[in-house]
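Beneath this line is the structure, given in structure tokens, with notes to follow.
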Amino acid sequence: MSLCHIRSLQQKLTENDADAALLADKLNQRYLSDFDFDDGYVLVTRKNAYLITDFRYIEAAKAASAGFMEVVAPERRALTEYMADLLRADGCKTVLIEEETLAYAAFGRICEKFGGFTVKPGASAILTTLRLYKTEDELAAMARAQAITDAAFAHIVKAIRPGEMTEIDVALEMECFMRSHGASGLAFDTIVASGSASSRPHAVPRNQKLERGFLTLDFGAKADGYCSDMTRTIVLGKADAEMKKLYNTVLRAQTEAIAAAREGASCLGLDKIARDIIEGAGYHGRFGHSLGHGVGLYIHEEPRLSPGVPAELLLKRGHTFTVEPGIYIEGLYGCRIEDMCCIRPDGTMHDFTQSPKELIEI
Numbered sequence: 054m055s056l057c058h059i060r061s062l063q064q065k066l067t068e069n070d071a072d073a074a075l076l077a078d079k080l081n082q083r084y085l086s087d088f089d090f091d092d093g094y095v096l097v098t099r100k101n102a103y104l105i106t107d108f109r110y111i112e113a114a115k116a117a118s119a120g121f122m123e124v125v126a127p128e129r130r131a132l133t134e135y136m137a138d139l140l141r142a143d144g145c146k147t148v149l150i151e152e153e154t155l156a157y158a159a160f161g162r163i164c165e166k167f168g169g170f171t172v173k174p175g176a177s178a179i180l181t182t183l184r185l186y187k188t189e190d191e192l193a194a195m196a197r198a199q200a201i202t203d204a205a206f207a208h209i210v211k212a213i214r215p216g217e218m219t220e221i222d223v224a225l226e227m228e229c230f231m232r233s234h235g236a237s238g239l240a241f242d243t244i245v246a247s248g249s250a251s252s253r254p255h256a257v258p259r260n261q262k263l264e265r266g267f268l269t270l271d272f273g274a275k276a277d278g279y280c281s282d283m284t285r286t287i288v289l290g291k292a293d294a295e296m297k298k299l300y301n302t303v304l305r306a307q308t309e310a311i312a313a314a315r316e317g318a319s320c321l322g323l324d325k326i327a328r329d330i331i332e333g334a335g336y337h338g339r340f341g342h343s344l345g346h347g348v349g350l351y352i353h354e355e356p357r358l359s360p361g362v363p364a365e366l367l368l369k370r371g372h373t374f375t376v377e378p379g380i381y382i383e384g385l386y387g388c389r390i391e392d393m394c395c396i397r398p399d400g401t402m403h404d405f406t407q408s409p410k411e412l413i414e415i
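Numbering (the numbering used here), first residue to last: 54 to 415.
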């Protein structure tokens, strides 16, 4: 899929009157090269694409990227000096750098070695736009990641032993399951929050026995570098009437927002659908985060389904996004339900997440 990404970037260079883009961000490098590495650069000119690294990575880089990029490991030369020669050979004058992620010290080294070239920002904005629209191959990778994540939920519901396991035990059990069932990594640090900790949307698993009450599980796998993201909240013990009301409010907010998600739907409007349901049920101020976010190589990408986005921001073909309303009552408990969805290239809406949503009591 990376050859398609390179061609898209080269087209953007032409549109932006630039001759080359220099990428140091790990995820942007992975997007263009199909290779995970930390030391080196991806350099794309209007004519060519280069992966520039060192001896430690050269064999693996060639196996991953040599079919569509020139993979090189300069001997006894600074990488920046070598890249300056490549730019001259390709007739480049203007080079875009990643204005959002490039460290100041690295920027200084690049400017020092790139004398004679115009170095300016713009690469981050271009890559953010390109990564916003997923291809069928990218969506297929995310579907594989979500299938592993769904299987992990089915497993943990059967494996949980209240009174015996800690939150850390649950997180490790889920992570081990995902790794052993094909995940290339974790999409993010697993959230396991029981009892009073469930009121914290991004709680860190504790080394203490599971508390009775709500148990929120927020987790995801990676497949071929692409992430999945889901949340389910279950109950350890029996839910009382107020817990059931809270859970069903979150569930209604989520299902109605998903039902309204389609090509051309307003990201602001979807957030409002869920937020109005929650606030209308008497939980004003208890839904303190956005309805959703984009997912891809990174767990939090564009687009955002949020009360802070422009009204003209609409869902488009290739967008992936989460739908994850929640209600959190400080010091008591909380609940969140999350699916990962997309607008396919053919314009249809698809929900990757297949795990059940009815209230589960253990």
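The beta-carbon is built from N, C-alpha and C at its ideal position, and this holds for glycine as well.
Proximal residues to residue 234 (C-beta, below 8 Å), its chain only, five neighbours per side dropped
As a first step, residue 234 must be located in the sequence shown, where it is residue number 181. Cβ within range, chain order: 201, 204 and 205.
Could you check which residue in 54, 366 and 297 has the C-alpha nearest to that of residue 334?
Taking the sequence shown and counting its residues from 1, the one referred to as residue 334 is at position 281. Considering only alpha carbons, the answer is 297.
When burial is assigned at 16 or more other CB atoms within 10 Å of the CB, is residue 106 buried or exposed?
For the purposes of this step, residue 106 is taken as residue 53 along the sequence shown, with counting starting at 1. With 16 or more other Cβ atoms within 10 Å, it is buried.
Check whether residue 415 and residue 287 have beta carbons under 8 Å apart:
The sequence position of residue 415 within the sequence shown is 362, counting from 1. The sequence position of residue 287 within the sequence shown is 234, counting from 1. Result yes, Cβ atoms of residue 415 and residue 287 sit closer than 8 Å.
Integer Cβ distance of residue 56 from residue 108, believed to fall under 8 Å:
Within the sequence shown, the letter at position 3 stands for residue 56. Within the sequence shown, the letter at position 55 stands for residue 108. About 26 Å; that fails the 8 Å criterion.
Are the CB atoms of residue 314 and residue 402 within a distance shorter than 8 Å?
Position 349 of the sequence shown, counted from the first residue, corresponds to residue 402. Position 261 of the sequence shown, counted from the first residue, corresponds to residue 314. Residue 402 is a Cβ neighbour of residue 314, given a cutoff of 8 Å.
Helix, strand or coil for residue 118 per DSSP?
As a working mapping, residue 118 is identified with position 65 in the sequence shown. In the structure shown, residue 118 sits in a helix (DSSP, three-state: H, G or I).
Under three-state DSSP, which class holds residue 162?
Walking along the sequence shown from the start, residue 162 turns up at place 109. Helix.
Rounding to the nearest angstrom, what Cα-Cα distance links residue 151 and residue 186 in this structure?
Looking up residue 151 in the sequence shown gives position 98. Looking up residue 186 in the sequence shown gives position 133. Rounded to whole angstroms, residue 151 to residue 186 spans 19 Å at the Cα level.
For residue 413 and residue 103, the rounded distance between their alpha carbons:
If you number the sequence shown from 1, residue 103 lands on position 50. If you number the sequence shown from 1, residue 413 lands on position 360. Their Cα atoms are separated by approximately 51 Å.
What does a CB cutoff of less than 7 Å around residue 238 pick up in its chain, not counting 5 residues either side in sequence?
The sequence position of residue 238 within the sequence shown is 185, counting from 1. The answer, listed in chain order, is 275.
Would you report the Cα separation of residue 167 and residue 134, rounded to the nearest angstrom?
Within the sequence shown, residue 167 is the residue found at index 114, counting from 1. Within the sequence shown, residue 134 is the residue found at index 81, counting from 1. So the alpha carbons of these two residues sit roughly 8 Å apart.
Just checking my contact of residue 387 with residue 380 at CB under 8 Å: how many whole Å lie between their CB atoms?
Position 334 of the sequence shown, counted from the start, is the residue given in the question as residue 387. Position 327 of the sequence shown, counted from the start, is the residue given in the question as residue 380. The pair is a contact, with the Cβ atoms about 6 Å apart (cut-off 8 Å).
Is the beta carbon of residue 101 less than 8 Å from the beta carbon of residue 175?
Residue mapping note: residue 101 aligns to position 48 of the sequence shown, counting from 1. Residue mapping note: residue 175 aligns to position 122 of the sequence shown, counting from 1. No, the Cβ-Cβ distance between residue 101 and residue 175 is not below 8 Å.
Quick check on the DSSP output: the alpha helix (DSSP H) that includes residue 214 runs from which residue to which?
Looking up residue 214 in the sequence shown gives position 161. Careful: residue 214 lies outside any alpha helix (DSSP H) and carries neither H nor E.
For residue 173, report the span of its beta strand (DSSP E) as first-last.
The residue you call residue 173 lines up with position 120 of the sequence shown. It spans 171–174 - the beta strand (DSSP E) in which residue 173 sits, taken as one unbroken run.
Would you tell me roughly how many angstroms separate the C-alpha atoms of residue 368 and residue 136, rounded to the nearest one?
For the purposes of this step, residue 368 is taken as residue 315 along the sequence shown, with counting starting at 1. For the purposes of this step, residue 136 is taken as residue 83 along the sequence shown, with counting starting at 1. Roughly 38 Å between the two C-alpha positions.
Look at residue 118 and residue 88 and say whether their C-beta atoms are less than 8 Å apart.
One-based indexing of the sequence shown puts residue 118 at position 65. One-based indexing of the sequence shown puts residue 88 at position 35. Yes, the Cβ-Cβ distance between residue 118 and residue 88 is below 8 Å.
Is it buried or exposed for residue 211, if we count other Cβ within 10 angstroms and need 16 for buried?
Along the sequence shown, one-based indexing puts residue 211 at 158. Classified as exposed, residue 211 has fewer than 16 neighbouring CB atoms from the shown chains inside 10 Å of its CB.
Euclidean distance between Cα positions of residue 156 and residue 77
Residue 156 sits at position 103 when you count from the first residue of the sequence shown. Residue 77 sits at position 24 when you count from the first residue of the sequence shown. Just so you know, the alpha carbons of residue 156 and residue 77 end up roughly 10 Å apart.
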